[in-house]
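Residue numbers (our numbering), protein chains in the order written: chain A, 1 to 115; chain B, 116 to 231.
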């Protein structure tokens, strides 16, 4: 079974802090994604990566950056956390192979609170 | 641009009732995938189904069934004889198929509450 893990389930940070959210997948998937989930807004894509050192902006990249130095790891960085970044953050991965193309596997999520 | 609309924000049913979750999508692609995911209270999204746009056959898996109608751009999800464990947020999603590395476009989700 595919396993996507995220470094923390709950995180509390202060405004202005630099925040790192880590995501690791163990199935050699090419693609990795970061979403944030807010009530009434569903899942919104922040960034995604289809290869090591490659990244693409999603719908709401402002205030975030990402890093993918190794295939299995995709990090989301909040350079200077703000209260409006309080949210649930979900990481996902998927493979390119046609048999399961598009099917994304999700981590358990990190609920981030910025005070 | 692609778009997925789940008009039902919240649904509440009594156990053993049937319930249908609606999903309407928009895309200019001729080939695409449609998905349903379940997010139980624990928070982790669980994949339920993927449907290729070429395949309009309806699918049944136990108490779950999916009705894909290309003519109305809909991909509805029915739970028969609902159970309390079906309580969750359900997301419909869409992606193009050509490259294999494009993100999913999600609807805003429908929160289903099944009352014992």
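Cβ coordinates follow ideal geometry from the N, Cα and C atoms, glycine included.
Rank the options by C-alpha distance to the C-alpha of residue i and give the top, closest one.
{"i": "residue 190 of chain B", "options": "B:230, B:148 and B:143", "result": "B:148"}
{"i": "residue 105 of chain A", "options": "B:119, B:150 and B:130", "result": "B:150"}
{"i": "residue 129 of chain B", "options": "B:204, B:196 and B:221", "result": "B:196"}
{"i": "residue 27 of chain A", "options": "A:109, A:92 and A:77", "result": "A:92"}
{"i": "residue 195 of chain A", "options": "A:71, A:78 and A:9", "result": "This structure does not reach residue 195 of chain A, given that chain A is present from 1 up to 115, and the question cannot be answered."}
{"i": "residue 144 of chain B", "options": "B:192, B:180, B:152 and B:168", "result": "B:168"}
{"i": "residue 45 of chain A", "options": "A:53, A:39, A:59 and A:51", "result": "A:59"}
{"i": "residue 94 of chain A", "options": "A:48, A:41, A:22 and A:114", "result": "A:48"}
{"i": "residue 96 of chain A", "options": "A:22, A:51 and A:3", "result": "A:51"}
{"i": "residue 142 of chain B", "options": "B:186, B:117 and B:208", "result": "B:117"}
{"i": "residue 39 of chain A", "options": "B:212, B:200 and B:204", "result": "B:204"}
{"i": "residue 74 of chain A", "options": "A:82, A:63 and A:90", "result": "A:90"}
{"i": "residue 137 of chain B", "options": "B:123, B:199, B:131 and B:146", "result": "B:123"}
{"i": "residue 227 of chain B", "options": "B:211, B:206 and B:218", "result": "B:206"}
{"i": "residue 54 of chain A", "options": "A:63, A:3 and A:69", "result": "A:69"}
{"i": "residue 193 of chain B", "options": "B:218, B:225, B:217 and B:209", "result": "B:225"}
{"i": "residue 9 of chain A", "options": "A:84, A:115 and A:108", "result": "A:108"}
DSSP state of residue i, grouped into three classes?
{"i": "residue 3 of chain A", "result": "coil"}
{"i": "residue 172 of chain B", "result": "coil"}
{"i": "residue 134 of chain B", "result": "strand"}
{"i": "residue 120 of chain B", "result": "strand"}
{"i": "residue 100 of chain A", "result": "helix"}
{"i": "residue 217 of chain B", "result": "coil"}
{"i": "residue 52 of chain A", "result": "coil"}
So the beta strand (DSSP E) residue i belongs to, where does it begin and stop?
{"i": "residue 153 of chain B", "result": "147-154"}
{"i": "residue 19 of chain A", "result": "19-25"}
{"i": "residue 204 of chain B", "result": "203-211"}
{"i": "residue 93 of chain A", "result": "87-94"}
{"i": "residue 115 of chain A", "result": "Premise fails: residue 115 of chain A is in no beta strand (DSSP E) and is neither H nor E."}
{"i": "residue 10 of chain A", "result": "10-13"}
{"i": "residue 193 of chain B", "result": "189-194"}
{"i": "residue 182 of chain B", "result": "179-184"}
{"i": "residue 30 of chain A", "result": "Counting along the chain, residue 30 of chain A falls outside any beta strand (DSSP E), and DSSP gives it neither H nor E."}
Could you pull the DSSP bridge partners for residue i from this structure?
{"i": "residue 42 of chain A", "result": "A:38"}
{"i": "residue 125 of chain B", "result": "B:226"}
{"i": "residue 72 of chain A", "result": "For residue 72 of chain A, which the question treats as bridged, DSSP gives no partner whatsoever."}
{"i": "residue 57 of chain A", "result": "A:47"}
{"i": "residue 139 of chain B", "result": "B:120 and B:189"}
{"i": "residue 84 of chain A", "result": "Paired residue(s): none; residue 84 of chain A is not in a bridge."}
{"i": "residue 161 of chain B", "result": "B:153"}
Original post:
For the stretch 88-111 of chain A, which residues have a CB atom closer than 9 Å to at least one CB atom of chain B, in sequence order?
Top reply: Hits within the stretch, in order: 88, 90, 92, 94, 95, 96, 97, 98, 100, 101, 102, 103, 104, 105, 106, 107, 108, 109 and 111.
Original post:
Between the stretch 25-48 of chain A and chain B, which residues of the former have CB atoms less than 9 Å from a CB of the latter, in chain order?
Top reply: Within the stretch 25-48 of chain A, the residues whose Cβ lies closer than 9 Å to any Cβ of chain B are, in chain order, 30, 31, 33, 35, 37, 40, 41, 42, 43, 44, 45 and 48.
Original post:
Can you list, in chain order, the residues of the stretch 150-167 of chain B whose Cβ is nearer than 9 Å to any Cβ on chain A?
Top reply: 150, 152, 154, 157, 158, 159, 160, 161, 162 and 165
Subject >> Short-range partners of chain B found in the stretch 54-65 of chain A, where Cβ spacing is below 8 Å >> reply: 58
Original post:
If you measure beta-carbon to beta-carbon, which residues of the stretch 136-148 of chain B are closer than 7 Å to chain A?
Top reply: 148
Subject >> Within 9 Å of chain A by C-beta, residues of the stretch 166-192 of chain B in sequence order >> reply: none
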